[in-house]
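Colleague:
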Amino acid sequence: YPLHGATRGEDTSMDLLQQYLENYYGLAKDATQFVKRKDSSPVVKKIQEMQRFLGLEMTGKLDSGTMEVMRKPRCGVPDIGH
Amino acid sequence: FNTFPGTPKWGKTQLTYRIVNYTPDLSREAVDAAIGKALRVWEEVTPLTFSRIYDGEADIMVSFAVGEHGDFIPFDGPGTVLAHAYAPGPGLNGDAHFDDDEQWTEDTTGTNLFLVAAHELGHSLGLFHSANPEALMYPVYKFSQNMAQFRLSQDDVNGIQSLYGSATVSPDHSVAPPESGPPESATPTMCDPALTFDAVTTLRGEALFFKDRYFWRKSLRTHEPGFYLISSFWPSLPSSIDAAYEVAGKDTVFIFKGNQFWAIRGHEEQSGYPKSIYTLGFPATVRKIDAAISSKEKKKTYFFVGDKYWRFDEKRQSMEPGFPRKVAEDFPGVHSQVDAVYEAFGFFYFFNGSLQLEFDPNAKKVTHFLKSNSWFNC
Numbered sequence: 131y132p133l134h135g136a137t138r139g140e141d142t143s144m145d146l147l148q149q150y151l152e153n154y155y156g157l158a159k160d161a162t163q164f165v166k167r168k169d170s171s172p173v174v175k176k177i178q179e180m181q182r183f184l185g186l187e188m189t190g191k192l193d194s195g196t197m198e199v200m201r202k203p204r205c206g207v208p209d210i211g212h
Numbered sequence: 019f020n021t022f023p024g025t026p027k028w029g030k031t032q033l034t035y036r037i038v039n040y041t042p043d044l045s046r047e048a049v050d051a052a053i054g055k056a057l058r059v060w061e062e063v064t065p066l067t068f069s070r071i072y073d074g075e076a077d078i079m080v081s082f083a084v085g086e087h088g089d090f091i092p093f094d095g096p097g098t099v100l101a102h103a104y105a106p107g108p109g110l111n112g113d114a115h116f117d118d119d120e121q122w123t124e125d126t127t128g129t130n131l132f133l134v135a136a137h138e139l140g141h142s143l144g145l146f147h148s149a150n151p152e153a154l155m156y157p158v159y160k161f162s163q164n165m166a167q168f169r170l171s172q173d174d175v176n177g178i179q180s181l182y183g184s185a186t187v188s189p190d191h192s193v194a195p196p197e198s199g200p201p202e203s204a205t206p207t208m209c210d211p212a213l214t215f216d217a218v219t220t221l222r223g224e225a226l227f228f229k230d231r232y233f234w235r236k237s238l239r240t241h242e243p244g245f246y247l248i249s250s251f252w253p254s255l256p257s258s259i260d261a262a263y264e265v266a267g268k269d270t271v272f273i274f275k276g277n278q279f280w281a282i283r284g285h286e287e288q289s290g291y292p293k294s295i296y297t298l299g300f301p302a303t304v305r306k307i308d309a310a311i312s313s314k315e316k317k318k319t320y321f322f323v324g325d326k327y328w329r330f331d332e333k334r335q336s337m338e339p340g341f342p343r344k345v346a347e348d349f350p351g352v353h354s355q356v357d358a359v360y361e362a363f364g365f366f367y368f369f370n371g372s373l374q375l376e377f378d379p380n381a382k383k384v385t386h387f388l389k390s391n392s393w394f395n396c
């Protein structure tokens, strides 16, 4: 069943968000269920942490400005310390 | 700025680096130049110096790799992750890895190697990602249109100087405590009565006067000298050089800093450099050259180090026996250490602070005292 364009786009964004937060902001690998529910508090806090670090408005939402920065090439070193 | 957790940093100022392999995207010379220029970005604002080695374990090992490459943090193919690097320390620490699935370029048509290398080497020295979007250490790649005149942001300078200080090196080359505030490096002015030079040389009939990251270029035909950034002509050259001289017969100018030297021919940086000064025959006790001059007629090059000098035979390409000798014995009147030396009209001009001594090598005496910037018609 082909997905509706907007839905597919949202899924892709959620995958990118999950990978981004896992790779660079220390989101636990088993937090998948939280990412799928992006309104959940731990994920919102992680998005805000990322937005604060990247100098973006801390909306806690996966807005277009945040997505744009996440899609840019970058250094692979995590933005938070292990 | 941020530093890594625990603030790891190098406990010495003289670091080694090795370029382990090359990307097929660029010539070896272009990779060498990009890495050298990236290191000099940090060298210019700290007491750190970098020497290249070709074998064995260097403090900073630079390599290109794709996918999984032995550190359990695989690269991800084209895009997104461009490179990563490790904080100071032994083994893998200090190393910088570049994703060879990127298209590495010298310009901005692909991913600019110099810019990414400068960022990664910041990690190698102990800087973590900065939250300042203007900083080189900001995690997101952002190319600058004006690559030739690239400068660190004040945030980067503050960060690296919080680890290593700005310029002071103790005699044993251990790291001096950081200074309280990083000074802004001022642009030198040619008619400043206190102006001193790092080095002076001829280049194809013109005179070059080096100072910090700049140089003045003076032709006998022009009244006003031109003023340029060294990096705008020769991106791989360091700033604050120690000595420079031209071997006119080879159309080559040799530039010295620390225990390394570079060769340039006009605008071209010669491949195979920097080389160690010890390949010229200096003993290990010589750490740097203060000044140098090559006599076109005699085909001899004079290297001044402290109160002594060495003489190099350009025909035999070897250091002459019987040296070093005392400067004051063979150049009566030139007593103190010299900053630079220049030859014109059959005279040697020794620069010492804001003074200049005109020395007649035939009469073996100082014939005039001048201000160092007398060549600028101030």
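Line by line, the protein sequences give chains A and B. In terms of the numbering used here, the first sequence opens at residue 131 and continues consecutively. In terms of the numbering used here, the second sequence opens at residue 19 and continues consecutively. Note that the Cβ used here is the ideal one computed from N, Cα and C, for glycine as well.
Taking only beta-carbon atoms, is D193 of chain A less than 7 Å away from chain B?
Modeller: Answer no: the Cβ-Cβ gap between D193 of chain A and chain B never drops below 7 Å.
Colleague: Looking at C-alpha atoms only, which residue of B:I37, B:P26, B:N370 is the closest neighbour of A212 of chain B?
Modeller: When only C-alpha atoms are compared, the closest one is B:N370.
Colleague: Distance, Cα to Cα, G351 of chain B vs T219 of chain B?
Modeller: Distance between the alpha carbons of G351 of chain B and T219 of chain B is about 22 Å.
Colleague: Can you tell me whether M180 of chain A is helix, strand or coil according to DSSP?
Modeller: Three-state result, M180 of chain A: helix.
Colleague: What are the partner residues of Q32 of chain B, as DSSP defines its beta bridges?
Modeller: Q32 of chain B is bridged to B:T67.
Colleague: Along chain A, which residues have their Cβ under 8 Å away from the Cβ of I91 of chain B?
Modeller: Neighbours of I91 of chain B on chain A, chain order: G206.
Colleague: Output the boundary residues of the beta strand (DSSP E) element that contains N176 of chain B.
Modeller: Looking at the DSSP string, N176 of chain B is not in any beta strand (DSSP E); the run it does join, the alpha helix (DSSP H), is 172 to 182.
Colleague: Apart from the five residues just before and just after E338 of chain B, which ones in its own chain have a Cβ nearer than 6 Å to its Cβ?
Modeller: Closer than 6 Å at the Cβ level, and outside the excluded window around E338 of chain B, lie R329, D331.
Colleague: Output yes if chain B places a C-beta closer than 7 Å to the C-beta of G156 of chain A; else output no.
Modeller: It does not: the Cβ of G156 of chain A has no partner Cβ on chain B nearer than 7 Å.
Colleague: With DSSP as the reference, identify every bridge partner of R204 of chain A, one or two as the case may be.
Modeller: B:V99, B:V158.
Colleague: Excluding five sequence neighbours on each side, which residues of the same chain lie with their C-beta closer than 7 Å to the C-beta of G190 of chain A?
Modeller: For G190 of chain A, where only same-chain residues beyond five positions count, the Cβ hits under 7 Å are V174, I177, Q178.
Colleague: Between L375 of chain B and G299 of chain B, what straight-line distance do the alpha-carbon atoms span, to the nearest angstrom?
Modeller: Looking at the two C-alpha atoms, the distance is approximately 28 Å.
Colleague: Starting from the Cα of G24 of chain B, find the closest Cα among B:F274, B:F146, B:D308, B:E61 and give me that residue.
Modeller: Nearest option by C-alpha distance: B:F146.
Colleague: For S289 of chain B, which option in B:L100, B:E47, B:W122, B:Q172 has the closest C-alpha, if you only look at C-alpha atoms?
Modeller: The shortest Cα separation from S289 of chain B among B:L100, B:E47, B:W122, B:Q172 belongs to B:E47.
Colleague: Taking Cβ to Cβ, would you say F405 of chain B is nearer than 7 Å to F116 of chain B?
Modeller: Any answer about residue 405 of chain B is impossible in this case: the structure gives chain B only from 19 up to 396.
Colleague: Chain B beta carbons: is any one of them nearer than 7 Å to that of G185 of chain A?
Modeller: G185 of chain A counts as touching chain B.
Colleague: Could you list the residues in the segment 59 to 90 of chain B with a C-beta less than 8 Å from some C-beta on chain A, going in chain order?
Modeller: Those would be none; no residue qualifies.
Colleague: Who are the Cβ neighbours of S192 of chain B in its own chain at under 6 Å, not counting the five residues just before and after it?
Modeller: For S192 of chain B, the pLDDT reaches just 46, beneath the cut-off of 50, and the residue's location in the model is therefore unreliable, leaving the point undetermined.
Colleague: By the criterion of Cβ-Cβ separation under 7 Å, what are the contact partners of A103 of chain B in chain A?
Modeller: Going along chain A in sequence order, the residues near A103 of chain B (Cβ under 7 Å) are V207.
Colleague: Please list the residues of the segment 97 to 128 of chain B that have a C-beta atom closer than 7 Å to any C-beta atom in chain A, keeping them in chain order.
Modeller: The residues in question are G97, T98, V99, L100, A101, H102, A103.
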